[in-house]
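Have a look at the structure below before the remarks.
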Amino acid sequence: MGLCLFSCKETEKMRPKMEASIITNEKKEFSKQISEKEDVNRKENVIITDSLMWKELKTIEGKYTATTCDKSRFSIELEGKGKRIGYKIFDKHKIFASGRVNVIQKGNKDEFQITMGAIGAMVKKDTLVVQNYGNSMNAFDHFGECPDKYLQFIK
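So the sequence shown is numbered by the working numbering: it starts at 1 and just counts up by one.
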């Protein structure tokens, strides 16, 4: 007769699935960290800014709607405020997130990477593309009611 003892150390915690209406302080902190960093390791032309020229501002500004998700339930409005851009994310007509957009412009003048809180997106011409959910190693879910991995919001 012997005694067997097992000990396990918890190294990773599973995050609960978030509803679309919850925006946490952690997401806001992530946004602040991204906006102030410069990319010095890359050799391509990268501009990280929170102010844009008038022409660039007008390119990004507008209301984008996810037409493939639940009868256009979700939309994102990007609005110029001086030389900065603010955002509002709508669930039908209810605003469930708002704040300031952080913009990363690469060499291509028509393509912008933006962050809205913890939501990252790419804007090209009249389309805003958001990765809706992650994987088992990087679990997140922005628009839980939408089954698509990538959501296209059309202006």
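Just so it is clear, CB atoms sit at the ideal spot from N, CA and C, and this is done for glycine as well.
Values in this document were obtained by computation on a predicted structure and should not be read as measured data.
Taking Val-130 and His-142 to be in contact with their CB atoms under 8 angstroms, please state how far apart those CB atoms are, rounded to whole angstroms. Confirmed, Cβ separation roughly 6 angstroms.
Taking CB distances under 7 angstroms as the criterion, tell me whether Phe-112 reaches chain D. Looking at the structure shown, chain D is missing, and only one protein chain is on hand.
Helix, strand or coil for Thr-59 per DSSP? Helix.
Identity of the residue in Glu-77, Lys-71, Phe-74, Arg-84 nearest Tyr-55 by Cα: At residue 55 the sequence reads Lys, which differs from the Tyr that was named. That would be Arg-84, whose Cα lies nearest to the Cα of Lys-55.
Judging by CA-CA distance, which residue of Asn-108, Ile-154, Ala-118, Thr-67 is the nearest neighbour of Asn-138? Comparing Cα positions, the closest option is Ala-118.
Across the segment 100 to 116 and the segment 56 to 75, are there enough close Cβ pairs to call them in contact, namely three or more that are closer than 8 angstroms? As far as the Cβ criterion goes, the segment 100 to 116 touches the segment 56 to 75, which means the pair count is three or higher.
What is the residue span of the beta strand (DSSP E) that Gly-80 lies within? Per DSSP, the unbroken beta strand (DSSP E) holding Gly-80 starts and ends at 74 to 81.
What separation, rounded to the nearest whole angstrom, lies between the Cα atoms of Ile-154 and Tyr-64? One C-alpha to the other measures close to 5 angstroms.
For Val-101, the first and last residue of its enclosing beta strand (DSSP E): Unbroken run through Val-101: none, as it is neither H nor E.
Apply the 10 Å Cβ neighbour rule to Asn-132 and answer buried if 16 or more other Cβ atoms are within range, or exposed otherwise. In summary, Asn-132 is buried, with 16 or more beta-carbon neighbours lying within 10 Å of its beta-carbon over all protein chains present.
Nearest by alpha-carbon distance to Gly-80: which of Gly-99, Lys-106, Thr-68, Cys-146 is it? When C-alpha distances from Gly-80 are compared across Gly-99, Lys-106, Thr-68, Cys-146, the shortest belongs to Gly-99.
Output the distance between the C-alpha atoms of Val-101 and Tyr-87, rounded to the nearest integer angstrom. Straight through space, the alpha carbons of Tyr-87 and Val-101 are spaced by roughly 6 angstroms.
What's the gap between the Cα of Gly-134 and the Cα of Gln-152? Between Gly-134 and Gln-152, the C-alpha separation is close to 16 angstroms.
Is it buried or exposed for Ile-89, if we count other Cβ within 10 angstroms and need 16 for buried? Result: buried.
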